[in-house]
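This report refers to the structure that appears directly beneath it.
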Amino acid sequence: MTYYIFTLVFFLFDYFILAMGLNIQYGSTGILNFAYIGFVAVGAYVTGVAAMPANVTGEHYILGLGLPFPLNTLLGGVAAMGLAGLVALITLRRLRTDYLAIVLISLSLVFYDFCNNDVSLFNGADGLYNVPEPLTRALGLSSNGFIIFFACLTGVVSLLMWLVMSRIMRAPLGRTFRAVRDDHVTAAALGKDTFRMQLKSMLIGSFFAGIGGGLLIQFGGSFNPTAWLPGETFVVFAVLIVGGAGNNMGMFVGALLVETLLVHLPAFLPDIPGHPGLIEYFDLALVGLVLMVMLWFRPQGIVPERVRRTPSFGVSEKPEHEAGRLDRTTALAAALGAVEPAAGAEEGR
Amino acid sequence: MPALQTENVTAGYGKTPIINEISVDAEVGRITTIIGPNGAGKSTFAKTLVGILKPMAGRILVNDVDITRMPGHQIPRHGLAYVPQNDNVFKRMSVRENLEIGGFVKKGDPAARIEELFEIFPDLAKAHAKKAGLLSGGQQNLLAIARALMANPSVIVLDEPTAGLSPAYTSVVWEQIARIAQLDTAVVVVEQNVERALKHSDLVHIFVAGRDHVHGPAQEISALDLPSIFLGRSHSSEAA
């Protein structure tokens, strides 16, 4: 029972991290990244080969650095970020919205086929296995003890990443991301380099994807192409849409409802009489159903994006000369007075 | 010296020119308005000024700095602000956040500038925490203008700022435009409403089929046979 509960807890926190990464790309900046699971996979694979020793019988892979946690995971995050930078440089300058999404999902499929068939990189279709469980020996953990420990560790990591992401979202950078999402032409007219903003968003989001992937491979000890079928991207999108795009707390709610309760919980439920094993195949059907219901009845998600709190406004009561401001706008206000709409004026748009 | 100068600018989409050899000067303290029938290239001209479209030929100077080939996002730093036509605010952000975005061109805290603009636009002050998308169309246009003023520009380009507004609110917007011009700012307005444009502008250019058909002081343009010009029955000339 402890194993089941803490497995669900791990997936809750891991998908919270993954959803925050996709949220900054899609929810905040409007980049429809249908290749997101590919960046998760890069993070997982690179973390795996960074953690594993140079030679393991029966497995073929690059690097084999034997790096400890968290260095291996950070390397996975950086690798995902690096690939995202490359992809963004190729695609973001010329493509937007649905065209960008089509190209990204195509790239994801190419990358998937390559990893599935090329044995030298990440051991092909067999994938990586026997990935070391971090800190198990140092802490003397049992198998179940590791599950509890790592689920909690992932919780701490997700909390730290939430703090970082919340700071980014509240900062001018986060506001500029949202401006680019809402209207990239107007944002550019206001002096924002929209390409650079999208690039930054891709890098930050993919770092989160890489870290999430790195934690995933260390939790399970293995990772192969069946774990990141391109359709998995849409599970992360479901987390985002159900939770509420543009709101990090929504990502937690989405991860709880979609990833934990819909995707993983059914696998732990008792079989339907006469249909052994059927229940665990309900997950994606349930996700699709919930997604349709949400998009129809509550497209803003359970925890919608909020208008950011602003300091309470109080117009200065001081005369302009006392306030010591003599720039052109103030001069206008002082010379001409404030303008109220004409009495009874109502716009007709 | 005009704050904005365009010299024989030709621009369009792909390889097809929409506007041809347009030369417009906009001086500080004056309102220069571009009018013309639908499809005349007015909005194309505005988009070319602010770098959304790159000219095929000609030059654009702001305060004597050549911005012709400059990336669009660098142009506001040289003193040119742009207010797009319709849907010109970030609707999911608050009024205050919209203004803050406009202030990021300049270094420093935008809070003081926002307070100044709230003094000019009291309606926005009252709605500072509201989502911009919840404002009326006229208020949204005023917010877009206020946001452009955050960077203290020397040239402001307004693309149909009264499109879709009632006559009453159109007056409010034009009143504001006139006041902005009095603040050492060159104002370029692209406008459909000929009557309003002639009433409030100093200089008027009439674009027809992508060319500057006629231009001159508003009073002289008013005396022309405008219906004929708009219907393409008159030869180009300079009223001035």
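Chains C and W are the protein sequences, given in the same order.
Residue 3 is where the first sequence starts when you use my numbering, and the numbers rise one by one after that.
Residue 21 is where the second sequence starts when you use my numbering, and the numbers rise one by one after that.
Note that beta-carbon positions come from the ideal geometry of N, C-alpha and C, so glycine has one too.
The contact set of Pro96(W) on chain C, defined by CB atoms closer than 8 Å, consists of Ala191, Leu192, Gly193 in chain order.
One finds Phe110, Met113, Glu117, Glu120, Ile121, Phe124 in chain W with Cβ atoms closer than 9 Å to the Cβ of Arg177(C), taken in chain order.
Between Lys62(W) and Ile54(W), the CB-CB gap stays under 8 Å. Taking all protein chains shown into account, Asp129(W) has fewer than 16 neighbouring C-beta atoms within 10 Å of its C-beta and is therefore exposed. Close to chain C, meaning a Cβ-Cβ distance shorter than 9 Å, is no residue of the stretch 234-250 of chain W at all.
Not one beta carbon of chain W lies nearer than 8 Å to the beta carbon of Asp273(C). Taking 8 Å as the cut-off, the Cβ atoms of Ala145(W) and Lys111(W) do not count as close. Around the beta carbon of Ile200(W), 16 or more other beta carbons lie within 10 angstroms, which makes this residue buried. The C-alpha of Ile80(W) is placed about 7 Å away from the C-alpha of Leu69(W). Lys151(W) reaches chain C at Val309, counting residues in chain order whose Cβ is nearer than 9 Å.
As a beta-bridge residue in DSSP terms, Phe124(C) pairs with Tyr63(C). Between Leu73(C) and Ala52(C), the alpha-carbon positions lie close to 8 Å from each other. Chain C has a Cβ within less than 8 Å of the Cβ of Tyr102(W). The Cβ of Asp84(W) sits no closer than 8 Å to any Cβ of chain C. Sequence-distant partners of Phe12(C) (beyond 5 residues in either direction) whose C-beta falls short of 6 Å from its own C-beta, in its chain, are Ala153, Thr156, Phe221. By a beta-carbon distance limit of 8 Å, Gly245(C) contacts Ile304(C). Their separation comes to about 6 Å. From the beta-carbon of Ile72(W), the residues of chain C found nearer than 7 Å are Val187. C-alpha of Gly279(C) to C-alpha of His266(C): approximately 14 Å in a straight line. The alpha-carbon of Arg96(C) is positioned some 14 Å away from that of Val187(C). The beta carbon of Asn118(W) lies closer than 7 Å to those of Val109, Phe110, Ala152, Leu163, Arg167 in the same chain, with the five residues before and after it left out. For Glu41(W), the uninterrupted beta strand (DSSP E) segment begins and ends at 36-42. A distance below 7 Å between beta-carbons, with the five flanking residues on each side excluded, links Leu218(W) to the following residues of its chain, in chain order: Val224, Ala238, Ile241, Ser242.
In this structure, the straight-line span from the alpha carbon of Phe65(W) to that of Thr26(W) is close to 10 Å. Listed in chain order, the non-local C-beta contacts of Tyr131(C) below 6 Å within the same chain comprise Ser224, local neighbours out to five positions each way being set aside. In this structure Glu261(C) is buried. Its beta-carbon is surrounded by 16 or more other beta-carbon atoms within 10 angstroms. The Cβ of Thr196(C) sits closer than 8 Å to at least one Cβ of chain W. Inclusion of Ala247(C) and Tyr38(C) in the CB contact set at 8 Å is not warranted, their separation being larger than that value.
One Cα belongs to Tyr17(C), the other to Ala257(C), and the distance between them is close to 6 Å. Taking C-beta atoms as the reference points, Ser30(C) and Ser203(C) count as a pair closer than 8 Å. Beta-bridge analysis with DSSP links Ile176(W) to Ala101(W), Val207(W). Burial state of Trp298(C) is exposed, judged by a 10 Å Cβ sphere holding fewer than 16 other Cβ atoms.
Around the C-beta of Met163(C), 16 or more other C-beta atoms lie within 10 Å, and the residue is accordingly described as buried.
Residues of chain W with a Cβ closer than 9 Å to the Cβ of Asp100(C) do not exist; the shortest Cβ-Cβ separation is about 19 Å. If you look at Gly303(C), you'll find it isn't in any alpha helix (DSSP H); DSSP assigns it neither H nor E. In the DSSP assignment, the residues bridged to Thr53(W) are Val209(W), Val224(W).
Counting C-beta pairs closer than 8 Å gives fewer than three between the stretch 178-193 of chain W and the stretch 23-39 of chain W, which falls short of the contact rule.
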